[in-house]
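In order, the protein sequences belong to chains A and B. Mapping to this note's numbering: the first sequence position 283 is 1421, numbers consecutive. Mapping to this note's numbering: the second sequence position 70 is 198, numbers consecutive.
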Amino acid sequence: MKSFTYERAATPAEAAAAAARTPGSRFIAGGTNLLDLMKLQIETPAHLIDVNRVGLNRIEETREGGLRIGALVRNTDLASDKRVRRDYGVLSRALLSGASGQLRNKATTAGNLLQRTRCPYFYDTTKPCNKRRPGSGCAALGGFNRNLAIMGTSEQCIATHPSDMAVAMRALDATVETVRPDGSTRTFPIAEFHRLPGDTPHIDTNLAPGELITAVTLPKPVRGYQTYRKVRDRASYAFALISVAAVIPKRGAGRLAFGGLAHKPWRVEAAERRMGDAREVAATVLAGARTTPQNAFKVPLVERTLAQVFGEAKA
Amino acid sequence: MGGALDVSRRGVIGGGAAAVAAAGIGGDEAEGQTPEPAVLMPVSMTVNGRPVSLRIDPRTSLLDALREHLKLTGSKKGCDHGQCGACTVLVGGRRINSCLSLAVMHEGDEVTTIEGLGTPEKLHPMQAAFVKHDAYQCGYCTPGQICSAVGVLREIAAGVPSHVAGDLDDRPRVSVDEMRERMSGNICRCGAYSNIIDAMTEVSRA
Ligand SMILES: Cc1cc2nc3c(=O)[nH]c(=O)nc-3n(C[C@H](O)[C@H](O)[C@H](O)COP(=O)(O)OP(=O)(O)OC[C@H]3O[C@@H](n4cnc5c(N)ncnc54)[C@H](O)[C@@H]3O)c2cc1C
Ligand code: SF4
Ligand code: FES
Ligand code: FES
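Right under this line is the structure:
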């Protein structure tokens, strides 16, 4: 690990100001992704700003009837919250399908959104990777790409975003709140938070350098059967091959967002008018898919998983 | 409390600095690379009920601080990347992977390792149950398994749901399915899984 200096911030404003003051700095929350990558020298921050003591660890009801989740709320606590279990089951389920109990006890809401891809070549510093080293090439294109993206890819990168939580938040139309180093605040609809790789796969999100996430807000609950279905190589403690976050009302349009397909949670609203028809929905969601021989299995897997989820909702 | 933590404050500080100089940090610096000079930082925490103060390189993981600086070698390093659970300890009563946490992030925290759960003379019920049910072979994963198992039963009692919950609103109950799911972050190369579940089941009934 490269050496770095370290400080503890006491307030969100202090953390953002510290980021502006110190070039090459990064926030550290649970540390479960950042430290993993720092040990491999994939991330090499010169300065760490520990945000674990800035507050932002509460879940509050909003005037609009939704929930405001502090950036530092741990994944375990978010999944366990009574209101989340009752009104946003898809989010609780997505969180509980991710990582392990130990990791969820540390992982935070903001850190989970900002976790980096699990593409094997991003992790292998002996291989070219445009996300890790812009312009170096993409070893995944001609390599082991079974679990990489089929939607929204580019010639530069076919990585997926690995978060389960983010997929549920996309289905729920969450909003990400931030504070910038100059103290100004802004919000992003979750749809505009993560980016597609395009020509700049090294940039995962639309956050500016030094911009601190303060909260994620959920709008008031949507009615319907809620579930998160994650298909993976083992029954627990594995990343998704594909996943579906679903809110399925008795009648009418629902919500569907997908993990394991793209560089961001994937959602095609037009498909949500055909709830119940797995074939139609899958065809609309996967229009324009670009597969490799290794990951083409994701296309039928999406349809079959939808068929199962729609079946459960009816039962 | 055994003798393992029987070090004076001065001894801890001296030993800490020496261990940094001798052992390097993180382990996987490329060969031939000159180690960068470390700026040491103070951190104080309570480990197994005793206050400790260290001056350490901020790169030091909680796991390395426990093992190399405090000589509490019960917690094991399997992968050093959050994938195996051998390093599981309890912080503020909650289980975490000590390999993916910096020691300096634990200022003021209460850390419990396998050495603090019980002593050879007075085992923690989970330790005793692991012995009784032969819940290990080589034993390398065992300290992490035991700390995790203690954390799991607390989480179930506190109403934390799991991936295998039928209805999220129901209070979770101890069952084989629940324990298997919740223990999935602890890998056992020897495959002692079924005996681990037996040990946990016994403790949960006590
Ligand atoms: C073995 C293993 C298995 C896993 N399996 C899964 C899985 O199945 N599904 C899944 O979804 N995830 C999985 N994860 C990933 C895990 O969910 C993430 O590591 C975790 O959510 C990251 O949160 P953190 O708080 O620890 O982030 P950190 O590591 O602290 O930070 C991550 C990034 O976020 C930035 N950051 C943190 N907080 C803020 C803030 N408030 N504002 C701005 N930037 C911030 C940091 O600078 C850093 O770049 C797994 C991880 C491991 C190690
Ligand atoms: S897919 Fe993206 S992350 Fe993976 S090697 Fe190619 S550029 Fe790197
Ligand atoms: S050593 Fe920490 S999880 Fe493997
Ligand atoms: S007892 Fe050998 S690894 Fe678990």
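All C-beta atoms in this analysis are idealised placements derived from N, C-alpha and C, irrespective of residue type, glycine included.
CB contact check: residue i to chain B, cutoff 9 Å
i	result
A/T1443	no
A/S1322	no
A/G1397	no
A/S1292	no
A/G1275	no
A/D1169	Here residue 1169 of chain A is Gly; the residue named in the question, Asp, does not match the sequence. At least one chain B Cβ lies under 9 Å of A/G1169.
A/G1227	yes
A/G1239	yes
A/K1452	no
A/L1173	yes
Top-ranked residue by Cα proximity to residue i, from the options
i	options	result
B/C275	B/E330, B/E243, B/P248 and B/P170	B/E243
A/R1212	A/E1199, A/A1237, A/F1282 and A/V1228	A/A1237
B/L251	B/P271, B/G221 and B/M233	B/P271
A/V1317	A/A1158, A/A1329, A/E1145 and A/R1146	A/A1158
A/L1194	A/T1352, A/A1416, A/V1440 and A/F1396	A/T1352
A/L1345	A/R1324, A/L1356 and A/P1387	A/R1324
B/D208	A/R1191, A/D1219, A/M1176 and A/T1255	A/M1176
A/D1320	A/G1273, A/L1350, A/V1419 and A/A1383	A/L1350
B/I315	B/C269, B/A293 and B/V288	B/C269
A/A1306	A/G1162, A/S1374, A/W1404 and A/A1278	A/W1404
A/N1268	A/R1284, A/G1280 and A/Q1294	A/Q1294
B/N202	B/Q255, B/R282 and B/A293	Per the sequence shown, the amino acid found at residue 202 of chain B is Gly instead of Asn. If we check each option's Cα against that of B/G202, B/Q255 comes out closest.
A/C1257	A/K1244, A/T1343 and A/R1284	A/R1284
A/P1347	A/Y1144, A/R1164, A/L1444 and A/E1202	A/R1164
A/E1198	A/P1357, A/R1361 and A/F1142	A/P1357
A/E1202	A/P1359, A/G1281 and A/Y1261	A/P1359
B/H197	B/S181, B/G210 and B/Q211	B/S181
A/R1417	A/A1427, A/K1402, A/V1440 and A/T1429	A/V1440
B/I224	A/G1204, A/K1244, A/Y1261 and A/A1148	A/K1244
Between the CA atoms of residue j and residue i - distance to the nearest angstrom
i	j	result
B/E330	A/V1385	39 Å
A/H1185	B/V232	13 Å
A/G1169	B/K205	17 Å
B/T216	A/R1412	46 Å
B/D192	A/G1239	21 Å
A/R1223	A/A1217	7 Å
B/P253	B/D326	13 Å
B/H234	A/Q1179	23 Å
B/G220	A/T1214	14 Å
B/D262	A/A1209	43 Å
A/I1207	A/T1355	6 Å
B/V171	A/G1449	54 Å
A/F1396	A/E1152	36 Å
B/R301	B/S290	10 Å
A/K1140	B/F258	40 Å
A/R1393	A/P1387	9 Å
A/C1276	A/A1156	34 Å
A/E1330	A/I1341	13 Å
A/K1220	B/G279	20 Å
Close-in-space but distant-in-sequence residues of the same chain around residue i (CB under 7 Å, 5 per side omitted)
i	result
A/R1231	T1365 and Y1366
A/A1376	R1370
A/S1301	N1250, L1251 and Q1253
A/R1146	D1188 and R1191
A/A1167	V1189, N1190, L1210, T1246, A1248 and G1249
B/R308	I325
B/E159	Confidence at B/E159 is low in this model, with a pLDDT of 45, below 50, so the placement of that residue should be treated as unreliable; the coordinate-derived value is given next. There are no such residues.
A/V1406	T1422 and V1423
A/R1428	I1288 and T1291
A/G1162	P1183, A1184 and H1185
Chain A contact for residue i (CB, 9 Å cutoff)
i	result
B/G154	Only weak support is given to the placement of B/G154: the predicted model assigns it a pLDDT of 44, under 50, and the question is left unresolved by the model.
B/G313	yes
B/M254	no
B/P289	yes
B/V278	no
B/V259	no
B/H197	no
Cβ neighbours of residue i in the same chain (closer than 6 Å, five flanking residues each side left out)
i	result
A/K1436	I1288 and I1380
B/C318	Q265 and C266
A/M1303	A1232, L1233 and N1250
B/C227	S189, L191, D208 and C215
Nonlocal neighbours in the same chain, by C-beta distance under 8 Å from residue i, ignoring five residues either side
i	result
A/A1400	A1287, I1288, M1289, G1290, T1291, T1298, H1299 and L1334
B/N176	M129, L133, L200, V239, T240, T241, E243 and G244
Continuous beta strand (DSSP E) assignments of at least 3 residues falling wholly in the stretch 1164-1192 of chain A: The stretch 1164-1192 of chain A contains these whole beta strand (DSSP E) runs: 1185-1188.
Contiguous alpha helix (DSSP H) assignments of at least 4 residues, all confined to the stretch 1367-1419 of chain A: Counting whole runs of 4 or more residues, the stretch 1367-1419 of chain A contains no alpha helix (DSSP H) stretch at all.
Whole runs of the beta strand (DSSP E) within the stretch 1190-1240 of chain A, excluding any shorter than 3 residues: Fully enclosed beta strand (DSSP E) runs of 3 or longer: 1197-1199 and 1205-1208.
Any beta strand (DSSP E) of 3 or more consecutive residues that is wholly inside the stretch 173-221 of chain B: If we require 3 residues or more, the beta strand (DSSP E) runs fully inside the stretch 173-221 of chain B come out as 178-184 and 216-219.
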